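The structure appears right after this line, and notes come after that.
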Amino acid sequence: MTVAPARSSGTGTKRPVPPPRAARQPWRLRLGWWDLKVTPYLIIAPFFVVFGIFGLYPLLYTAWVSLHDWQLIDGDQGFVGLANYTELLADQHFWNALGNTVSLFVLSTFPQLLAALGLAALLDRGLRGRAFWRAGVLLPNVISVAAVALVFAQLFGRDFGIINFLLGLVGVDPVDWRAETWASHLAISSMVMWRWTGYNALIYLAAMQSVPKDMYESAMLDGASRWRTFWSITVPSIRPTIMFTAIVSTIGGLQLFVEPQLFDPGGTATGTGGTDRQFQTLVMYLYEKGFRLFDAGYSSAIAWVLFMIILLVAVVNFTLTRRIASKG
Amino acid sequence: MAIATARRPSRFSVAHAGPFVYALLVVVLLASVFPLYYSFLIASKDNSALGDAVPSLVPGGNLFENLGRVFDTVDFWLAMQNSLVVAGTVAISNVVLGTLAGFAFARLRFKGGNALFLVVIGTSMVPTQLGVIPLYMLMSDLDWYGTLQAVIVPALIGAFSVFWMRQACEESVPYELIEAARVDGCSVLRTFWHVAFPAVRPQAAVMGMFTFMTAWNDFFWPLIVLDPNDSPTVQVALSTLASGYYTDYSLMLSGASLAVLPVVGIFILLARQIVGGIMQGAVKG
Numbered sequence: 008m009t010v011a012p013a014r015s016s017g018t019g020t021k022r023p024v025p026p027p028r029a030a031r032q033p034w035r036l037r038l039g040w041w042d043l044k045v046t047p048y049l050i051i052a053p054f055f056v057v058f059g060i061f062g063l064y065p066l067l068y069t070a071w072v073s074l075h076d077w078q079l080i081d082g083d084q085g086f087v088g089l090a091n092y093t094e095l096l097a098d099q100h101f102w103n104a105l106g107n108t109v110s111l112f113v114l115s116t117f118p119q120l121l122a123a124l125g126l127a128a129l130l131d132r133g134l135r136g137r138a139f140w141r142a143g144v145l146l147p148n149v150i151s152v153a154a155v156a157l158v159f160a161q162l163f164g165r166d167f168g169i170i171n172f173l174l175g176l177v178g179v180d181p182v183d184w185r186a187e188t189w190a191s192h193l194a195i196s197s198m199v200m201w202r203w204t205g206y207n208a209l210i211y212l213a214a215m216q217s218v219p220k221d222m223y224e225s226a227m228l229d230g231a232s233r234w235r236t237f238w239s240i241t242v243p244s245i246r247p248t249i250m251f252t253a254i255v256s257t258i259g260g261l262q263l264f265v266e267p268q269l270f271d272p273g274g275t276a277t278g279t280g281g282t283d284r285q286f287q288t289l290v291m292y293l294y295e296k297g298f299r300l301f302d303a304g305y306s307s308a309i310a311w312v313l314f315m316i317i318l319l320v321a322v323v324n325f326t327l328t329r330r331i332a333s334k335g
Numbered sequence: 067m068a069i070a071t072a073r074r075p076s077r078f079s080v081a082h083a084g085p086f087v088y089a090l091l092v093v094v095l096l097a098s099v100f101p102l103y104y105s106f107l108i109a110s111k112d113n114s115a116l117g118d119a120v121p122s123l124v125p126g127g128n129l130f131e132n133l134g135r136v137f138d139t140v141d142f143w144l145a146m147q148n149s150l151v152v153a154g155t156v157a158i159s160n161v162v163l164g165t166l167a168g169f170a171f172a173r174l175r176f177k178g179g180n181a182l183f184l185v186v187i188g189t190s191m192v193p194t195q196l197g198v199i200p201l202y203m204l205m206s207d208l209d210w211y212g213t214l215q216a217v218i219v220p221a222l223i224g225a226f227s228v229f230w231m232r233q234a235c236e237e238s239v240p241y242e243l244i245e246a247a248r249v250d251g252c253s254v255l256r257t258f259w260h261v262a263f264p265a266v267r268p269q270a271a272v273m274g275m276f277t278f279m280t281a282w283n284d285f286f287w288p289l290i291v292l293d294p295n296d297s298p299t300v301q302v303a304l305s306t307l308a309s310g311y312y313t314d315y316s317l318m319l320s321g322a323s324l325a326v327l328p329v330v331g332i333f334i335l336l337a338r339q340i341v342g343g344i345m346q347g348a349v350k351g
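Order-wise, the sequence lines are chains A and B.
In case it helps, this note's numbering puts the first sequence at residues 8 to 335.
In case it helps, this note's numbering puts the second sequence at residues 67 to 351.
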């Protein structure tokens with residue numbers, strides 16, 4: 008993280024302030040002093056105000072709501088302590104959603120980041136038309152998740168889907184992508200991968216390009232293969248970037264909602280993620296409880312548990328990635 | 067290191083990639099584009115064409131009929147209009163507020179500036195989506211349910227814009243110009259308006275378009291706080307198309323193609339700059 012270079016020569020932007028005479032200074036000068044001291048805070052304030060009111064406050068208030076029997080329409084029905092949480096721990100739908108969330112997260116994140124590394128390595132070769140290839144891999148990322156989910160719902164259709172058609176060409180029987188748990192998880196993960204692999208590849212590519220070239224040259228003089236150079240020079244050099252993408256993907260992956268929600272067009276309104284909840288994630292369950300069944304207290308308990316899980320996984324991820332990447 | 071110097075144009079930095087690399091990239095590119103093309107393909111055909119034993123990759127002749135059905139099924143004009151208002155307002159606001167804040171963090175010195183900037187970066191890691199229940203209650207209390215400001219106001223300024231514009235100011239706003247303006251007695255805001263903003267206008271434009279696309283694509287929060295019948299955005303209208311009693315793929319994907327069109331247009335125009343912005347953020351972030 009680069010930070011604003013604090014300039015050593017303290018002249019120019021900072022006007023000397025003579026405190027004893029401040030009162031007698033012309034208003035213009037005093038205004039100038041105020042301007043320099045206060046305006047910076049005023050112009051960064053909107054960010055903190057918006058984030059505080061619409062981001063942080065609701066998140067923290069979720070903890071308070073989760074301790075109540077709170078109905079979305081009828082409001083607070085009284086403090087119940089940890090009752091929502093004890094109920095949650097005995098709720099098999101919660102465990103099912105947790106399992107699905109973890110499975111989808113693992114299936115989509117790890118292959119995706121590996122693929123992104125490989126793609127970045129390809130893009131890092133001296134290519135003709137670099138701008139074209141880079142734009143091409145980023146394209147899926149700017150398409151709305153809602154549209155992507157609808158297209159993939161068709162691609163993975165049981166009867167007329169093109170994936171089943173292609174599988175049929177090599178003699179595989181049609182897969183019912185929505186009914187089977189593992190199949191639905193594969194299909195949904197492929198959506199996530201489609202949207203994010205290129206984006207992460209560009210982030211890796213940017214990091215790779217700042218690896219000093221002499222490191223590669225000396226490795227080549229030592230006769231290292233491209234494969235070895237990649238794993239023992241490139242990957243360790245971009246370790247901080249890999250950590251960054253792993254954490255960001257974790258935070259996003261555990262909150263997966265739109266892809267599974269729209270994967271089953273017929274069941275979209277219910278939000279149960281398939282007839283047997285095969286692909287209902289935690290955020291989908293939160294949505295179902297909160298906005299379909301109006302149980303705000305219970306829904307908030309789900310949110311807060313997920314928040315804790317995200318914190319925990321982010322920390323574990325951080326330590327793990329650091330260790331793996333440093334081995335090289 | 068004489069040898070190394072002599073060999074400087076090494077195969078890592080300059081040598082061109084072989085046909086194998088290009089072949090792999092072509093495959094990746096096809097995978098990127100195919101779902102979009104497929105969406106358009108289905109949109110151009112009658113639903114019965116889906117049952118063909120061998121799917122054809124040639125567009126059919128039903129595109130306009132299907133698009134017409136989209137407008138008959140949901141009020142897609144209203145949805146487009148709403149999305150335009152939401153994404154437009156959010157983009158302009160992020161340009162103004164993001165550039166102001168970015169300018170402050172890059173070029174003004176104030177107590178705690180660096181620490182506050184780190185806080186800005188940190189907030190982008192906070193899973194605020196999980197606060198959706200109280201956020202909904204807040205909007206109800208404000209009587210904002212079903213109104214566009216419920217979607218606009220929380221998105222008026224994001225960490226990403228502040229970060230992006232701080233980067234731009236670091237690059238393009240020289241200290242000398244700011245000092246000159248100050249010596250001439252310009253206030254901070256005047257300095258910003260006459261010196262900093264003109265210098266970063268190109269980056270601000272790209273950031274604005276990027277924010278526009280993000281706001282246009284947003285789904286989770288609009289789905290919750292907007293009324294699908296009275297105040298849908300394009301993405302919410304898409305989910306309405308998808309929730310019919312039977313799955314009408316031609317209809318759904320006609321809607322999806324329409325929803326994607328403006329974003330793909332912007333992307334084609336500005337791809338180079340958007341790629342640049344993302345990659346720069348990665349290195350310096």
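All residues carry an ideal CB built from backbone N, CA and C; glycine is no exception.
Quick caveat, the model's predicted, so the values are computed rather than measured.
Checklist entry - Between which two residues does the beta strand (DSSP E) containing Q78 of chain A stretch? => result One-based indexing of the first sequence puts residue 78 of chain A at position 71. Element bounds for Q78 of chain A: 75 to 78.
Item to check | Own chain partners of V290 of chain A with C-beta closer than 6 Å, once the 5 adjacent residues on each side are dropped | outcome: Position 283 of the first sequence, counted from the start, is the residue given in the question as residue 290 of chain A. Q262, F264, listed in sequence order.
Checklist entry - Who are the neighbours of E98 of chain B on chain A, taking C-beta pairs under 7 Å? => result Taking the first residue of the second sequence as position 1, residue 98 of chain B is located at position 32. Contrary to the premise, residue 98 of chain B reads as Ser rather than Glu in this sequence. Simply G143, V144, L146, P147, G205.
Checklist entry - DSSP state of D302 of chain A, grouped into three classes? => result Your numbering for residue 302 of chain A matches position 295 in the first sequence. Three-state result, D302 of chain A: strand.
Item to check | the region 243 to 267 of chain B: positions lying closer than 9 Å to chain A by Cβ | outcome: I244, E245, R248, V249, G251, S253, V254, L255, F258
Item to check | Strand pairing of D83 of chain A, partner residues [DSSP] | outcome: Here residue 83 of chain A refers to the residue found at position 76 when the first sequence is read from its first residue. Answer is A:W77, bridged to D83 of chain A.
Checklist entry - Using a beta-carbon distance cut-off of less than 7 Å, what residues from the region 291 to 317 of chain B approach chain A? => result Q301, L304, S305, A308, S309, T313, Y315
Item to check | Integer-rounded CB distance, given that L133 of chain B should sit under 8 Å from F258 of chain B | outcome: Working through the second sequence from its first residue, we reach residue 258 of chain B at position 192. Working through the second sequence from its first residue, we reach residue 133 of chain B at position 67. Between L133 of chain B and F258 of chain B the Cβ distance is about 45 Å, and since that is not below 8 Å, they are no contact.
Item to check | C-alpha gap between S190 of chain B and D183 of chain A, whole angstroms | outcome: Indexing the second sequence from 1 puts residue 190 of chain B at position 124. Indexing the first sequence from 1 puts residue 183 of chain A at position 176. Each residue's alpha carbon lies about 38 Å from the other.
Checklist entry - Assuming F263 of chain B and G154 of chain B make a contact with CB atoms under 8 Å, what is their CB distance in whole Å? => result On the second sequence, residue 263 of chain B is found 197 positions in, with the first residue counted as 1. On the second sequence, residue 154 of chain B is found 88 positions in, with the first residue counted as 1. The pair is not a contact, with the Cβ atoms about 19 Å apart (cut-off 8 Å).
Next on the checklist: Need the endpoints of the alpha helix (DSSP H) that T248 of chain A sits in, please.
Outcome noted: By one-based count along the first sequence, residue 248 of chain A stands at place 241. Taken as a continuous stretch (DSSP letters only), the alpha helix (DSSP H) holding T248 of chain A covers 246 to 260.
Checklist entry - Is the Cβ of W238 of chain A closer than 9 Å to any Cβ of chain B? => result On the first sequence, position 231 is the one that residue 238 of chain A refers to. Judged by the 9 Å Cβ criterion, W238 of chain A is not in contact with chain B.
Checklist entry - On the three-state DSSP scale, how would you describe R353 of chain B? => result With chain B running from 67 to 351 in the structure shown, residue 353 of chain B is simply not present.
Checklist entry - Taking DSSP as the reference, what is the three-state secondary structure of S151 of chain A? => result Within the first sequence, residue 151 of chain A is the residue found at index 144, counting from 1. In this structure, S151 of chain A counts as coil in the three-state DSSP scheme.
Checklist entry - Is the closest heavy atom of the ligand MG to the C-beta of R284 of chain A under 8 Å? => result Only the bare structure without any ligand can be found here, which leaves the ligand MG out of the picture.
Checklist entry - Listing by chain order, which chain A residues have their CB less than 8 Å from the CB of A167 of chain B? => result On the second sequence, residue 167 of chain B is found 101 positions in, with the first residue counted as 1. By Cβ distance, chain A contributes I50, I51, P53, F54.
Next on the checklist: Whole angstroms are fine: how far does the CA of G164 of chain B sit from the CA of W40 of chain A?
Outcome noted: Residue 40 of chain A sits at position 33 when you count from the first residue of the first sequence. Residue 164 of chain B sits at position 98 when you count from the first residue of the second sequence. Using only the alpha carbons, I get a separation of about 24 Å.
Checklist entry - So, is the C-beta of S105 of chain B closer than 9 Å to a C-beta in chain A? => result Working through the second sequence from its first residue, we reach residue 105 of chain B at position 39. True, the Cβ-Cβ gap to chain A drops below 9 Å.
Item to check | Contact list for L144 of chain B against chain A, beta-carbon separation under 8 Å | outcome: Counted from its first residue, the second sequence places residue 144 of chain B at position 78. The contacting residues do not exist; L144 of chain B stays about 17 Å from chain A at best.
Next on the checklist: I want to see whether chain B comes within less than 9 Å of Y64 of chain A, judged by CB atoms only; does it?
Outcome noted: For the purposes of this step, residue 64 of chain A is taken as the residue at position 57 of the first sequence. Yes, Y64 of chain A counts as interfacial toward chain B.
Item to check | 7 Å Cβ shell around D112 of chain B - same chain, five flanking residues per side excluded | outcome: Here the question's residue 112 of chain B lines up with position 46 in the second sequence. Result list for D112 of chain B: G126, N128, S316, in chain order.
Item to check | Proximity to G331 of chain B [Cα-Cα], best of A:T288, A:V149, A:A156 | outcome: Along the second sequence, read from residue 1 onward, the residue named residue 331 of chain B stands at position 265. Ranking the options by Cα distance to G331 of chain B, first place goes to A:V149.
Checklist entry - What alpha helix (DSSP H) runs, 4 residues minimum, are completely inside the region 249 to 273 of chain B? => result 254 to 257
Item to check | Beta-carbon gap between L126 of chain A and I249 of chain A smaller than 9 Å | outcome: Your numbering for residue 126 of chain A matches position 119 in the first sequence. Your numbering for residue 249 of chain A matches position 242 in the first sequence. Contact flag unset, no.
Checklist entry - Terminal residues of the continuous alpha helix (DSSP H) containing P294 of chain B? => result Taking the first residue of the second sequence as position 1, residue 294 of chain B is located at position 228. Where P294 of chain B is concerned, there is no enclosing alpha helix (DSSP H), given that its DSSP letter is neither H nor E.
Checklist entry - Of the choices B:E237, B:Q346, B:S110, B:V140, whose alpha-carbon is the least far from that of A303 of chain B? => result Counting from 1 along the second sequence, the entry for residue 303 of chain B is found at position 237. Measuring from the Cα of A303 of chain B, the nearest candidate turns out to be B:V140.
Next on the checklist: Considering only the alpha carbon of each residue, which of B:L184, B:V120, B:L319, B:D314 lies closest to F229 of chain B?
Outcome noted: Stepping through the second sequence from its first residue, residue 229 of chain B is reached at position 163. Nearest option by C-alpha distance: B:L184.
Next on the checklist: For G88 of chain A and A321 of chain A, what's the separation of their Cα atoms in angstroms?
Outcome noted: One-based indexing of the first sequence puts residue 88 of chain A at position 81. One-based indexing of the first sequence puts residue 321 of chain A at position 314. For G88 of chain A and A321 of chain A, the distance between alpha carbons rounds to 28 Å.
Next on the checklist: Could you tell me the alpha carbon to alpha carbon distance between G85 of chain A and F54 of chain A, rounded to whole angstroms?
Outcome noted: The residue given as residue 85 of chain A occupies position 78 in the first sequence. The residue given as residue 54 of chain A occupies position 47 in the first sequence. Those two C-alpha atoms are separated by around 34 Å.
Checklist entry - Counting pairs of beta carbons, one from the region 263 to 273 of chain B and one from the region 295 to 302 of chain B, are three or more of them closer than 8 Å? => result no
Item to check | Short-range partners of chain A found in the region 179 to 193 of chain B, where Cβ spacing is below 9 Å | outcome: G179, N180, L182, F183, L184, V185, V186, I187, T189, S190, M191, V192, P193
Checklist entry - At a CB-CB cut-off below 8 Å, which residues of chain B make contact with V155 of chain A? => result In the first sequence, the residue the question calls residue 155 of chain A occupies position 148. The answer, in chain order, is P101.
Item to check | Minimum length 3: unbroken beta strand (DSSP E) runs contained in the region 124 to 181 of chain B | outcome: none
Checklist entry - What is the C-beta distance between M200 of chain A and P267 of chain A, in whole angstroms, given that I count them as a contact (C-beta under 8 Å)? => result Stepping through the first sequence from its first residue, residue 200 of chain A is reached at position 193. Stepping through the first sequence from its first residue, residue 267 of chain A is reached at position 260. That pair is no contact at about 14 Å.
Checklist entry - Which residue comes first and which comes last in the alpha helix (DSSP H) that contains P200 of chain B? => result Counted from its first residue, the second sequence places residue 200 of chain B at position 134. Start and end: 198 to 207.
Checklist entry - So what's I223 of chain B in DSSP terms, helix, strand or just coil? => result By 1-based counting over the second sequence, the position of residue 223 of chain B is 157. DSSP places I223 of chain B in coil when its eight states are reduced to three.
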